[in-house]
Every structure is written in structure tokens, then in C-alpha cells.
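Engineer: Pasting a structure below so you can have a look.
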Amino acid sequence: MATSTSGMGQVLARAGHTSDPWGRYYTTPIVSQSLVDRIEVAKPKLVLELGSGSGSLCTAAATRWHKAQLVTVDVDSRAPKALDADMVGTGRRHSHYVHDVLDAALSDKIGLAPGTVDVAVCNPPYIRPKWRSDFGKILEDAGLSGTLASLHDAGADLLFLAQNLRLLRKNGKLGLILPDGLITAERFSGVRKTLLRQHLIEQVVQLPRGVFKGTEAQTYLAVLSKSAGETNQVTLRQMDSDGQLSVPIEILQEAAVKRLDFTFHARVVSPQRSGEGPMRMSVRQALTDVVRGTVCSSSISAFPAPVFHLGDFSEPLGEHAVRVVPKRFALSERKAQQMLEEARLALPGDILLARVGRSLEDRLALVVHGPCVISDCIFALRAMDEHRERLYRFFDSDLGRHALASSAHGVAARFMSKTNLFEIQF
Ligand SMILES: C[S@@+](CC[C@H](N)C(=O)[O-])C[C@H]1O[C@@H](n2cnc3c(N)ncnc32)[C@H](O)[C@@H]1O
């Protein structure tokens with residue numbers, strides 16, 4: 128069943144070959160967990176998964192919503208019929224059906240009235256099944272039949288989405304994993320427009336590229352609230368291969384109809400990429416040196432000079448002001464000479480960044496008043512004169528903060544390596 132592979136495969140593990148007739152590849156726990164975590168709902172009574180396969184998504188759902196009744200459906204009779212024994216728990220009601228999800232009469236077959244499900248999670252197969260009249264009925268009921276130039280363009284992903292919409296109650300939540308087509312392709316812009324007008328698409332998370340072994344397939348997590356009003360604004364994020372999420376960007380409905388991928392919209396807000404302004408370069412190319420402090424936090428209080436540490440960064444001051452290291456950290460020339468024996472120093476002109484910490488992307492300062500001692504949680508970037516201001520302004524912008532946030536690794540404690548820092552383009 129689910130096989131874990133390295134790299135891209137850490138996110139989704141695929142079963143079978145690209146030509147698998149039922150599109151069977153299974154979501155890994157890290158993505159399942161992230162999808163379930165993104166669904167804001169108090170105490171759902173009824174949770175559904177169509178195309179449940181190995182049960183990764185419904186296991187994550189069952190772990191979070193202990194008391195919910197769970198219904199799973201898969202056409203593959205070899206797919207597990209129950210959740211792991213430890214997930215079933217006493218008193219859990221779980222019904223599994225071996226049935227074709229693309230049956231227009233599904234709701235009768237699985238004993239669920241249309242419009243009754245509180246939460247649905249789904250990673251549909253990305254295949255194009257041979258057209259049947261049932262499909263027209265499913266799309267029609269979900270309000271999606273007028274959205275495609277040809278109904279025959281509807282793949283199983285869209286049909287599963289429609290089937291979920293039929294079964295969900297008003298304001299019910301749908302957490303989906305979707306392929307690139309529905310998110311970015313022009314021929315699906317009508318589908319996106321209808322979905323955005325009829326439902327509240329809360330967020331879309333771009334998953335790391337290449338979730339299919341051996342291809343560069345791109346997939347996304349999406350969460351919507353059925354008929355909960357029109358979507359005026361959508362939150363987009365990107366997940367890195369460690370499961371870390373980027374800072375969000377918000378896009379308006381019109382932009383979302385065009386496409387819903389984070390990388391496209393993040394690029395659009397970058398002036399350098401649109402051909403204006405100076406050529407982009409890597410941080411490495413702009414620096415003559417980078418210094419990592421050596422004083423650890425437990426030695427700061429006893430250190431014979433003030434040490435600039437994480438708590439000493441000031442809040443952002445707005446786009447025209449520069450955040451400067453306070454005067455009290457500046458060493459006289461003589462003191463600086465003495466301190467050289469004991470610690471690494473930041474020099475006037477250096478740009479300071481946090482190397483570790485939850486919101487490291489918000490920490491930025493410029494050394495102005497004199498050399499200063501920095502802790503081992505700080506990087507001092509020694510930029511060439513001609514690049515210093517642009518580099519500082521970049522780290523102070525949303526784009527720079529996003530670049531820092533997505534370069535940082537680690538789930539419990541986030542940290543940024545020199546290598547990752549060097550690779551950032553600005
Ligand atoms: C991409 S896999 C996802 C499996 C599981 N939900 C997960 O995330 O790991 C798609 C699942 O849909 C099932 N499937 C494909 N076509 C189906 C259909 N017409 N009716 C019901 N299940 C189907 C496959 O057997 C497979 O288990």
C-alpha cells in the first residue's frame with residue numbers, strides 16, 4: 128500500500144504506476160495532518176471521505192474529531208475497510224462502502240441524504256474516466272455544469288469535488304487536494320469563477336513540487352466553506368518539503384479566477400521580476416562576508432560587553448525608516464579591540480538577521496553607531512556598498528520576509544542555514 132520515498136515522496140507517496148486506472152496514490156501523514164489542521168470547524172457530527180484509499184486523510188480527521196461519525200467510500204475492494212485499530216476507539220461510528228463515487232445515486236447507496244455532511248476531506252484520483260450521463264447530473268447538482276467549454280473536460284478531480292458539494296450541508300467544510308489544472312489552467316477559469324462566487328474558498332496551499340515519483344507534478348491543498356457567501360479574497364501559501372508554511376499572501380477574486388497558485392501571485396508582486404528595477408542576484412553575490420555570532424544566550428548576562436540578541440530587534444518601523452542597532456550596543460575602538468579576542472563582532476554597515484526563532488523573518492537591523500557583539504542566534508551580513516541599501520529594503524519588504532520565512536527550516540524550532548540564506552534571490 129502506501130510506500131514512503133525520500134524527497135518529494137516525503138509529501139505524498141504514490142502507489143502503482145502513472146497509468147493506475149483508479150489514480151491510486153496516497154497522501155502522507157504530514158500533508159493529511161496539514162489539510163485537516165487547515166479546516167476551521169468546532170465539533171462536526173459527520174465526516175466523509177470519498178476515495179479513501181489507504182485511509183491517511185480520514186485517520187488524520189478521526190484523530191482530530193474524536194466524536195464524529197465517519198463515512199468512507201472507495202471503489203477498490205482492497206482498500207482498507209476500517210481505520211487503524213487504534214484510531215477506531217470505542218464508540219466510534221465508522222462505515223466504509225466499496226462503491227463507485229461517480230454514481231449519481233451515491234447518497235442513497237451510502238445512506239447519507241444530500242446536504243447533510245459537516246466536513247469532507249478528499250484526495251481525488253487525477254484521471255479522466257470515460258464519460259457517463261451520471262457525470263452531467265453530478266455537475267448539474269453542484270452548480271458546475273455551465274463552467275466548462277465541454278462537459279467532457281471534467282476529470283475525476285472535478286467530479287469528486289462536485290460529488291462532495293452535493294453531500295455537504297450549507298457552511299459545511301471541504302478540504303481537498305487538487306492537481307495543477309483546476310488551480311491554474313485557463314480552461315478551468317470558469318470553474319474557479321463559479322466556485323469563488325458560490326462558495327467561500329478560504330485558502331489554497333501550494334504543495335512542494337513533484338509529489339508524483341519521477342514527475343514534477345504540482346498539487347495543492349484547498350479549503351472551502353459550502354455556500355458560505357462569495358469569496359472576495361483568498362489566502363495563498365506555499366508549503367516546503369519539511370511541511371513548513373510560507374507567510375500568506377491575499378489575492379482578490381478577479382486574480383483568483385485567473386489562477387490560484389502562490390508562486391504566480393508572489394512573483395506578480397515582485398517589481399524585479401516584471402522587468403523593472405535592477406537585475407536580480409543572490410544574497411551570496413551581494414556579500415563580502417557573513418559573520419555568525421559566538422556568544423550563546425546563557426552567557427549573555429555575564430559577558431563583559433552588551434550582546435545584541437533576538438529580543439533586541441525593534442518592530443518594523445514602516446517602509447521609509449531604518450531599524451538601527453541601539454547606541455548602547457556600540458563599542459569604543461579600544462573595547463572593540465579587546466572584545467575581538469572573545470567574540471565575533473558586527474561592524475557598522477552590517478545587516479543583522481535572526482538565524483533562529485519562530486518569527487525570524489520579522490527581525491532586521493542595521494549596525495550604524497559602532498562595532499557590536501552579537502549572539503550566536505544572529506547573522507551579520509557584510510554587503511558590498513552598492514548593494515547594501517537594496518538588500519536591506521528587500522529584507523524589510525513582504526517579499527523579503529517571505530523569502531526568509533520559506534528559507535527557514537525545522538518544525539519545532541526554526542532556523543536558517545548560511546546556505547539557504549545565500550541562495551535567496553533579491
Ligand atoms: C489519489 S487516491 C487517494 C487515496 C486517499 N484518499 C489518500 O489521500 O491517501 C484516490 C483514491 O480514489 C479511489 N477511486 C478512484 N476512482 C474511484 C471511484 N470512481 N469511486 C471510488 N473511489 C475511487 C482509488 O481507489 C484511490 O484509493
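Counting from 128, one number per residue, gives the positions in the sequence shown under the numbering used here. Glycine included, each C-beta is placed from N, C-alpha and C at the ideal position.
By the 10 Å Cβ neighbour count, where 16 or more other Cβ atoms means buried, how is Met543 classified, buried or exposed?
Structural biologist: Here residue 543 corresponds to residue number 416 of the sequence shown, with the count starting at 1. So Met543 ends up on the buried side.
Engineer: Would you say the beta carbon of Asp227 is closer than 7 Å to some non-hydrogen atom of ligand 1?
Structural biologist: Taking the sequence shown and counting its residues from 1, the one referred to as residue 227 is at position 100. Yes.
Engineer: Can you tell me which of Asp369, Ala355 and Ala382 puts its alpha carbon nearest to the alpha carbon of Leu363?
Structural biologist: Looking up residue 363 in the sequence shown gives position 236. Comparing Cα positions, the closest option is Ala382.
Engineer: Taking DSSP as the reference, what is the three-state secondary structure of Gly341?
Structural biologist: Translated into the one-based positions of the sequence shown, residue 341 becomes position 214. With a pLDDT of 46 at Gly341, under the threshold of 50, the predicted position of this residue should be treated as unreliable, though the coordinate-derived value follows. Three-state result, Gly341: coil.
Engineer: Could you please give me the residues that DSSP links to Gly302 through a beta bridge?
Structural biologist: Here residue 302 is taken as the residue at index 175 of the sequence shown, counted from 1. Note: Gly302 sits in a beta bridge opposite Val248 and Val350.
Engineer: So, at 7 Å on beta carbons, what are the nonlocal neighbours of Lys462 in its own chain, with the 5 sequence-adjacent residues on each side left out?
Structural biologist: Your numbering for residue 462 matches position 335 in the sequence shown. Once the five neighbours on either side are set aside, the close Cβ partners of Lys462 are Ala432.
Engineer: So, using beta-carbon positions, are Val202 and Ile237 closer together than 8 Å?
Structural biologist: Taking the first residue of the sequence shown as position 1, residue 202 is located at position 75. Taking the first residue of the sequence shown as position 1, residue 237 is located at position 110. Not closer than 8 Å, so no.
Engineer: Taking Met366 and Gln333 to be in contact with their CB atoms under 8 Å, please state how far apart those CB atoms are, rounded to whole angstroms.
Structural biologist: Residue mapping note: residue 366 aligns to position 239 of the sequence shown, counting from 1. Residue mapping note: residue 333 aligns to position 206 of the sequence shown, counting from 1. About 7 Å separates the two Cβ atoms, so the contact holds.
Engineer: Mind checking whether the beta-carbon of Asn250 lies closer than 7 Å to any heavy atom of ligand 1?
Structural biologist: Locating residue 250 in the sequence shown gives position 123, counting from the first residue. In this structure, ligand 1 has a non-hydrogen atom nearer than 7 Å to the beta-carbon of Asn250.
Engineer: What's the C-alpha gap between Ala535 and Pro375?
Structural biologist: To locate residue 535, count along the sequence shown from 1; it is residue 408. To locate residue 375, count along the sequence shown from 1; it is residue 248. Those two C-alpha atoms are separated by around 15 Å.
Engineer: Taking the C-alpha atoms as reference points, what is the distance between Glu430 and Lys194?
Structural biologist: Position 303 of the sequence shown, counting from 1, holds the residue named residue 430. Position 67 of the sequence shown, counting from 1, holds the residue named residue 194. Rather than Glu, the amino acid found at residue 430 in this sequence is Phe. Approximately 54 Å, taken between the alpha carbons.
Engineer: Using a Cβ-based criterion (distance less than 7 Å to any ligand heavy atom), does Leu487 qualify as near ligand 1?
Structural biologist: Locating residue 487 in the sequence shown gives position 360, counting from the first residue. Checking the Cβ of Leu487 against ligand 1 gives no.
Engineer: What are the boundary residues of the beta strand (DSSP E) that Glu377 is part of?
Structural biologist: As a working mapping, residue 377 is identified with position 250 in the sequence shown. It spans Ile376 to Leu379 - the beta strand (DSSP E) in which Glu377 sits, taken as one unbroken run.
Engineer: Do you know how far the Cα of Ser277 is from the Cα of Asn298?
Structural biologist: Stepping through the sequence shown from its first residue, residue 298 is reached at position 171. Stepping through the sequence shown from its first residue, residue 277 is reached at position 150. Their backbone Cα atoms lie some 29 Å apart in a straight line.
Engineer: So for Leu444, helix, strand or coil by DSSP?
Structural biologist: Start at 1 with the first residue of the sequence shown, and residue 444 comes out as number 317. Residue state, collapsed to three classes: coil.
Engineer: Considering only their Cβ atoms, is the gap separating Cys504 from Ser409 smaller than 8 Å?
Structural biologist: As a working note, residue 409 is residue 282 in the sequence shown. As a working note, residue 504 is residue 377 in the sequence shown. By the CB criterion at 8 Å, Ser409 and Cys504 fall outside the cutoff.
Engineer: Taking the C-alpha atoms as reference points, what is the distance between Val228 and His529?
Structural biologist: Position 101 of the sequence shown, counted from the start, is the residue given in the question as residue 228. Position 402 of the sequence shown, counted from the start, is the residue given in the question as residue 529. It is roughly 40 Å from the alpha-carbon of Val228 to the alpha-carbon of His529.
Engineer: Only counting the same chain, and skipping five residues up and downstream in sequence, which positions put a Cβ closer than 7 Å to that of Lys320?
Structural biologist: Counted from its first residue, the sequence shown places residue 320 at position 193. Closer than 7 Å at the Cβ level, and outside the excluded window around Lys320, lie Val384.
Engineer: Does the structure place the stretch 167-175 close enough to the stretch 147-158 that three or more beta carbon pairs sit under 8 Å?
Structural biologist: no
Engineer: Is the beta carbon of Gln325 closer than 8 Å to that of Leu233?
Structural biologist: Locating residue 233 in the sequence shown gives position 106, where the first residue counts as 1. Locating residue 325 in the sequence shown gives position 198, where the first residue counts as 1. Against a cut-off of 8 Å, the Cβ pair of Gln325 and Leu233 comes out as no contact.
Engineer: Hey, how far is the Cα of Gln465 from the Cα of Ser426?
Structural biologist: Looking up residue 465 in the sequence shown gives position 338. Looking up residue 426 in the sequence shown gives position 299. Each residue's alpha carbon lies about 17 Å from the other.
Engineer: Does the beta-carbon of His279 have 16 or more other beta-carbons within 10 angstroms, so that it is buried, or is it exposed?
Structural biologist: What you label residue 279 is simply residue 152 of the sequence shown in a count that begins at 1. Result: exposed.
Engineer: Excluding five sequence neighbours on each side, which residues of the same chain lie with their C-beta closer than 7 Å to the C-beta of Ser397?
Structural biologist: The residue given as residue 397 occupies position 270 in the sequence shown. At Ser397, the pLDDT of 48 sits below 50, so the modelled position is not reliable and the matter cannot be decided from this model.
Engineer: To the nearest angstrom, report how far apart Ser272 and Thr390 are at their CA atoms.
Structural biologist: Locating residue 272 in the sequence shown gives position 145, where the first residue counts as 1. Locating residue 390 in the sequence shown gives position 263, where the first residue counts as 1. Distance between the alpha carbons of Ser272 and Thr390 is about 29 Å.
Engineer: Distance, Cα to Cα, Ala312 vs Ala481?
Structural biologist: The sequence position of residue 312 within the sequence shown is 185, counting from 1. The sequence position of residue 481 within the sequence shown is 354, counting from 1. The straight-line gap from Cα to Cα measures roughly 39 Å.
Engineer: Since Val225 and Leu184 are thought to touch, with beta carbons under 8 Å apart, how far apart are those beta carbons, to the nearest angstrom?
Structural biologist: The sequence position of residue 225 within the sequence shown is 98, counting from 1. The sequence position of residue 184 within the sequence shown is 57, counting from 1. Between Leu184 and Val225 the Cβ distance is about 18 Å, and since that is not below 8 Å, they are no contact.
Engineer: According to DSSP, is Tyr253 part of a helix, a strand, or is it coil?
Structural biologist: Along the sequence shown, one-based indexing puts residue 253 at 126. Coil.
Engineer: Would you grab the beta carbon distance between Val452 and Val495 for me? Rounded to a whole angstrom, and I think it's under 8 Å.
Structural biologist: Translated into the one-based positions of the sequence shown, residue 452 becomes position 325. Translated into the one-based positions of the sequence shown, residue 495 becomes position 368. Contact flag correct, Cβ pair sits at about 7 Å.
Engineer: For Val418 and Ala507, which I take to be in contact (beta-carbon distance under 8 Å), what is that distance rounded to the nearest angstrom?
Structural biologist: Taking the sequence shown and counting its residues from 1, the one referred to as residue 418 is at position 291. Taking the sequence shown and counting its residues from 1, the one referred to as residue 507 is at position 380. The Cβ separation is near 4 Å, so the contact holds.
Engineer: Would you kindly work out how many angstroms separate the C-alpha atoms of Gly308 and Glu167, rounded to a whole number?
Structural biologist: Taking the sequence shown and counting its residues from 1, one reaches residue 308 at position 181. Taking the sequence shown and counting its residues from 1, one reaches residue 167 at position 40. Distance between the alpha carbons of Gly308 and Glu167: 26 Å.
Engineer: Buried or exposed for Leu292, please, with buried defined as at least 16 other CB atoms from any protein chain shown within 10 angstroms of its CB.
Structural biologist: In the sequence shown, the residue the question calls residue 292 occupies position 165. By the neighbour-count rule (16 or more Cβ atoms within 10 Å), Leu292 is buried.
Engineer: Give me the Cα-Cα distance between Ser204 and Leu286, rounded to the nearest whole angstrom.
Structural biologist: Taking the sequence shown and counting its residues from 1, the one referred to as residue 204 is at position 77. Taking the sequence shown and counting its residues from 1, the one referred to as residue 286 is at position 159. Approximately 21 Å, taken between the alpha carbons.
Engineer: Note down the Cα distance separating Pro443 from Arg520, rounded to an integer number of angstroms.
Structural biologist: Counted from its first residue, the sequence shown places residue 443 at position 316. Counted from its first residue, the sequence shown places residue 520 at position 393. Straight-line Cα distance between these residues: approximately 12 Å.
Engineer: For Glu357, which residues from the same chain have a beta carbon less than 8 Å from its beta carbon, with the 5 sequence-adjacent residues on both sides left out?
Structural biologist: For the purposes of this step, residue 357 is identified with residue 230 of the sequence shown, where counting begins at 1. Within the same chain, Glu357 has close Cβ partners Leu323, Arg324, Gln325, Leu327 and Gln380.
Engineer: Nearer than 7 Å: is that true of the beta carbon of Trp258 relative to any heavy atom of ligand 1?
Structural biologist: The residue you call residue 258 lines up with position 131 of the sequence shown. The answer is no for Trp258.
Engineer: Mind pulling the alpha helix (DSSP H) runs of 4 or more residues that sit fully within the stretch 167-233?
Structural biologist: 183-191 and 212-215
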